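In this note's numbering, the protein residues as written are 2 to 174. Glycine included, every Cβ here is placed at the ideal spot set by N, Cα and C. A quick note: this is a predicted structure, and the numbers were derived from the prediction, not measured.
1) Would residue 94 be called buried (16 or more neighbouring beta carbons within 10 Å of its own) or exposed?
2) Please identify the residue among 129, 20 and 65 whose C-alpha is closest to the C-alpha of residue 36.
3) Would you list, in sequence order, the uninterrupted alpha helix (DSSP H) runs of no fewer than 4 residues that lie entirely inside the segment 57-115?
4) Measure the CB-CB distance between residue 1 and residue 108 and report whether it falls below 9 angstroms.
5) Based on DSSP bridge pairs, tell me the residues matched to residue 29.
6) Once DSSP output is grouped into helix, strand and coil, what is the label at residue 46?
7) Compare the beta carbon distance of residue 62 and residue 100 with 9 angstroms and say whether it is the shorter of the two.
8) From which residue to which residue does the beta strand (DSSP E) around residue 154 run?
9) Quick check on the burial criterion: 16 or more other C-beta atoms within 10 angstroms. Buried or exposed for residue 111?
10) How is the beta strand (DSSP E) around residue 7 delimited, first residue to last?
11) Going by C-alpha distance, which of 8, 118 and 78 is nearest residue 29?
12) Could you please give the first and the last residue of the uninterrupted alpha helix (DSSP H) stretch that includes residue 148?
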């Protein structure tokens with residue numbers, strides 16, 4: 002069983018997912034950790050721009066396929082990314098079909114909060130405009146993915162951990 006949690010860089014996904022995992026008893030993994038394990042030579046820089054998106058997605062799907070039966074998982078990733086040209090790229094619907102989540106959570110955050118977090122964490126100043134474009138694409142694609150896969154979606158903020166916990170427990174029943 003997989004529950005997918007997505008949101009922009011700096012939205013607090015990993016912290017949120019760790020707490021959600023504690024509250025639900027599920028395992029938590031980030032997509033980037035999985036891809037790094039699958040592709041040893043993967044280099045991610047602080048720009049968060051992703052090269053070779055298709056290779057990364059194949060690596061994720063291979064890991065999911067190998068671990069599907071052994072993991073009840075909160076998977077922390079993105080619905081949309083920036084490619085090497087800083088263009089917004091929506092993660093292909095077939096990737097979400099392969100992940101086969103039973104529900105998705107979209108983690109929303111004010112853009113100015115994400116900008117500050119990224120500067121503090123990565124030492125890079127992000128354009129609020131670029132992050133806004135990415136956030137809009139993430140939110141829209143999260144809704145579309147849920148609709149196309151006919152699965153429930155929960156939109157949450159970092160303060161909505163109780164709401165998200167109820168959502169996950171409801172999916173597990």
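In brief:
1) Classification for residue 94: exposed.
2) 65
3) You should have 94-100.
4) The structure shown has nothing for residue 1, since the chain only spans 2 to 174.
5) As computed with DSSP, residue 29 is found in a beta bridge with 75.
6) Unreliable positioning characterises residue 46 in this predicted model, as indicated by a pLDDT of 46, which lies under 50. A coordinate reading is not provided.
7) yes
8) 154-157
9) exposed
10) Membership of residue 7 in the beta strand (DSSP E) is indicated by the continuous run 3-7.
11) 78
12) 129-150
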